[in-house]
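K.L.:
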Amino acid sequence: MSGAFNDVRSLYLHIPFCERKCEYCDFTSVAGATGSAAYMDALNAEVRHLGERLGRLSLDTVFIGGGTPSLVEPELLAGLVATVRDTFSVAAGAEVTMEANPSSITAARARVWRAAGVNRISIGVQSLEADALRFLGRVHDAGRALAAIAEVRDAGFTSINCDLIYAVPGLGDTRWRRTLERVVAAGPTHISCYELTVEAGTPLHTRVRRGLVTPVEGARAMRQHRIAVDVLGGAGYAQYEVSNFAVTGEECRHNLVYWHNGYYAAAGVGAHGHLPAAAAAAIGLDVEAGAVSVRHWHGRGIAAYGRAVRAGEFPITGSEPVGPGMREQERVMLGLRLREGVRLDASSLDEARSLEGMGLLAVEGDRVRATARGEALLNQVTLRLVGDRAA
Ligand code: SF4
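For the working numbering, count along the sequence shown from 1 and bump the result up by 9.
1) On the CB-based measure, 16 or more other CB atoms within 10 Å of its CB, does glutamate 208 come out buried or exposed?
2) Check each candidate in Asn264, Glu28, Arg346 and name the one with the smallest Cα separation from phenylalanine 72.
3) With a Cβ-Cβ cutoff of 9 Å, do alanine 125 and leucine 80 count as a contact?
4) On the criterion of 16 or more Cβ atoms from any shown chain inside 10 Å, does arginine 398 qualify as buried, or is it exposed?
5) Rounded to whole angstroms, what is the Cα-Cα separation between aspartate 69 and alanine 103?
6) Buried or exposed: which applies to threonine 96, given that a residue is buried once 16 or more other Cβ atoms fall within 10 Å of its Cβ?
7) Would asparagine 270 and glutamate 339 be called neighbours here (beta carbons separated by less than 9 Å)?
8) With a threshold of 6 Å on Cβ separation, who are the neighbours of leucine 20 within its own chain once the five nearest residues in sequence on each side are excluded?
9) Which residues in the same chain have their Cβ closer than 8 Å to the Cβ of valine 240, if we skip the five residues on either side of it in sequence?
10) Regarding serine 168 and the ligand SF4, is the C-beta to nearest heavy atom distance less than 8 Å?
11) What's the C-alpha gap between alanine 400 and glycine 383?
12) Determine the direct distance from the alpha carbon of arginine 346 to that of glutamate 204, and round the result to whole angstroms.
13) So is the beta-carbon of arginine 29 under 8 Å away from any non-hydrogen atom of the ligand SF4?
14) Which same chain residues, not among the five before or five after arginine 352, have their C-beta less than 7 Å away from its C-beta?
15) In terms of alpha-carbon separation, which member of Asp150, Ala141, Arg378 lies closest to leucine 343?
16) What does the Cβ neighbour count give for threonine 198, buried or exposed, with the cut at 16 atoms within 10 Å?
17) Measuring CB to CB, does cysteine 261 end up less than 9 Å from arginine 123?
18) If we call anything under 9 Å between Cβ atoms a contact, is proline 285 one with valine 266?
19) If distances are taken between C-alpha atoms only, which option among Ser201, Gly44, Val217 comes closest to glutamate 32?
20) Have a look at the DSSP bridge pairing and note the partners of tryptophan 306.
21) Just to confirm, does tyrosine 33 get its C-beta within under 8 Å of one of the non-hydrogen atoms of the ligand SF4?
22) Out of Val93, Leu66, Gln233, which has the shortest C-alpha to C-alpha gap to methionine 49?
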């Protein structure tokens with residue numbers, strides 16, 4: 010079966026444990042690491058099960074996200090990477106990323122991750138301002154975040170991302186700029202800057218609903234986004250995606266698979282995958298006639314996940330077939346987030362030129378990309394280009 014699904018070259022794995030739940034968090038995660046050893050057993054089993062059904066995929070990227078993967082015992086993490094290597098063919102030079110939080114990073118733990126074959130680390134710094142960190146419900150302070158960057162570097166990591174959040178109530182432009190400058194000075198190779206969003210069901214959402222917190226208005230959020238573009242651009246980080254900045258050659262290859270509308274297998278509670286139709290059928294998903302691919306997702310309950318894996322099932326609770334039309338819409342929608350832009354077919358180019366006339370797109374031949382103004386109105390621009398199915 011080896012090589013049966015050559016266009017699936019990426020794998021996402023989810024580890025749902027965190028020290029505590031952050032105020033804004035809508036990810037699949039729980040507070041505490043109780044049950045993490047049993048969970049990791051189940052996750053290893055699901056990876057092996059994927060291998061039985063999909064064959065020995067050749068993987069270019071593996072992304073271990075969460076949650077907080079750095080919170081589980083490093084030996085369990087190393088065991089998971091070993092299972093991936095036993096099950097699939099991890100290419101020489103593959104990117105193997107792991108997410109980590111400052112409070113569960115030490116140089117000793119980082120050395121175990123590195124020795125296991127993790128070669129890129131993504132650290133949830135979020136802010137270096139004490140009140141912003143408190144507001145977000147983070148458990149670390151600025152000193153711990155900066156120390157963590159130094160520790161992973163000492164352990165041999167050269168590809169280091171820092172995640173940051175802007176548009177935090179109370180965080181003015183000057184202090185946002187200061188966080189950016191201090192993170193740049195710490196020398197990561199990649200920086201992601203995300204706007205704080207208020208997701209239903211989070212403690213932050215409750216506080217907003219009760220009138221205890223006023224979200225930052227859109228104009229200020231956009232100004233802070235532009236500050237990030239300016240500060241990071243000036244420091245040599247190219248904005249290769251709306252929210253992502255990297256020094257040359259350090260772009261996240263795994264996330265580029267998403268933005269290029271590529272395929273990826275997935276395992277773990279809450280994990281989302283996207284497989285070509287034949288691969289989706291191989292793991293037992295319903296594939297409608299005419300579907301090119303299938304997006305699918307795992308349930309969010311940890312106990313139910315373990316039970317399903319032990320019963321020999323894939324704990325996938327939902328899926329959506331992708332036909333040729335939707336696939337094209339998704340390709341444009343995701344590609345517009347990239348600095349390199351996206352190629353359009355002739356039928357959309359007239360609309361693109363009219364958006365160019367409004368200063369929202371730059372058109373070069375059959376390739377378009379969003380301008381700074383277009384970036385601020387990306388949903389509307391996408392809608393105009395591909396219709397409301399994708400917006
Ligand atoms: S560390 Fe990340 S995944 Fe965990 S609760 Fe906070 S935001 Fe959510």
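Ideal Cβ placement from N, Cα and C applies to all residues, glycine included.
Since the structure is predicted, the reported quantities are computational estimates derived from the model, not experimental observations.
P.N.:
Let's see:
1) Within the sequence shown, residue 208 is the residue found at index 199, counting from 1. The residue in question, glutamate 208, is exposed, as its Cβ has fewer than 16 Cβ neighbours within 10 Å.
2) Reading the sequence shown from its first residue, position 63 is the one you call residue 72. The shortest Cα separation from phenylalanine 72 among Asn264, Glu28, Arg346 belongs to Asn264.
3) To locate residue 125, count along the sequence shown from 1; it is residue 116. To locate residue 80, count along the sequence shown from 1; it is residue 71. Not a contact, by the Cβ cut-off of 9 Å.
4) Here residue 398 refers to the residue found at position 389 of the sequence shown. Per-residue confidence for arginine 398 stands at a pLDDT of 48, beneath the threshold of 50, marking its modelled position as unreliable; the derived number appears in the next sentence. Exposed, by the Cβ-count rule.
5) Within the sequence shown, residue 69 is the residue found at index 60, counting from 1. Within the sequence shown, residue 103 is the residue found at index 94, counting from 1. Rounded to whole angstroms, aspartate 69 to alanine 103 spans 5 Å at the Cα level.
6) Here residue 96 refers to the residue found at position 87 of the sequence shown. The residue in question, threonine 96, is buried, as its Cβ has 16 or more Cβ neighbours within 10 Å.
7) Along the sequence shown, one-based indexing puts residue 270 at 261. Along the sequence shown, one-based indexing puts residue 339 at 330. Yes, they are a contact pair.
8) The count along the sequence shown starts at 1 and reaches residue 20 at position 11. For leucine 20, where only same-chain residues beyond five positions count, the Cβ hits under 6 Å are Leu68, Val71, Ala274.
9) Locating residue 240 in the sequence shown gives position 231, counting from the first residue. Within the same chain, valine 240 has close Cβ partners Arg186, Leu189, Glu190, Val193.
10) By one-based count along the sequence shown, residue 168 stands at place 159. The answer is no for serine 168.
11) Reading the sequence shown from its first residue, position 391 is the one you call residue 400. Reading the sequence shown from its first residue, position 374 is the one you call residue 383. Interpretation of alanine 400 is limited by its pLDDT of 39, a score under 50 that renders its predicted location unreliable; the figure taken from the coordinates is listed afterwards. Their backbone Cα atoms lie some 14 Å apart in a straight line.
12) Counting from one through the sequence shown, the residue named residue 204 turns up at place 195. Counting from one through the sequence shown, the residue named residue 346 turns up at place 337. For glutamate 204 and arginine 346, the distance between alpha carbons rounds to 15 Å.
13) Position 20 of the sequence shown, counted from the first residue, corresponds to residue 29. It does: the Cβ of arginine 29 is within 8 Å (strictly closer) of some heavy atom of the ligand SF4.
14) Against the sequence shown, residue 352 aligns to sequence position 343. Excluding its 5 nearest sequence neighbours in each direction, arginine 352 has C-beta neighbours in its own chain below 7 Å: Asp375, Arg376, listed in chain order.
15) To locate residue 343, count along the sequence shown from 1; it is residue 334. Residue Arg378 is the option with its Cα nearest to leucine 343.
16) Here residue 198 refers to the residue found at position 189 when the sequence shown is read from its first residue. Answer is buried; the Cβ neighbour count reaches 16.
17) Taking the first residue of the sequence shown as position 1, residue 261 is located at position 252. Taking the first residue of the sequence shown as position 1, residue 123 is located at position 114. No.
18) One-based indexing of the sequence shown puts residue 285 at position 276. One-based indexing of the sequence shown puts residue 266 at position 257. Not a contact, by the Cβ cut-off of 9 Å.
19) Taking the first residue of the sequence shown as position 1, residue 32 is located at position 23. Of Ser201, Gly44, Val217, the residue nearest in Cα terms is Val217.
20) The residue given as residue 306 occupies position 297 in the sequence shown. DSSP lists His281, Gly327 as partners of tryptophan 306.
21) Looking up residue 33 in the sequence shown gives position 24. Checking the Cβ of tyrosine 33 against the ligand SF4 gives yes.
22) Against the sequence shown, residue 49 aligns to sequence position 40. The shortest Cα separation from methionine 49 among Val93, Leu66, Gln233 belongs to Val93.
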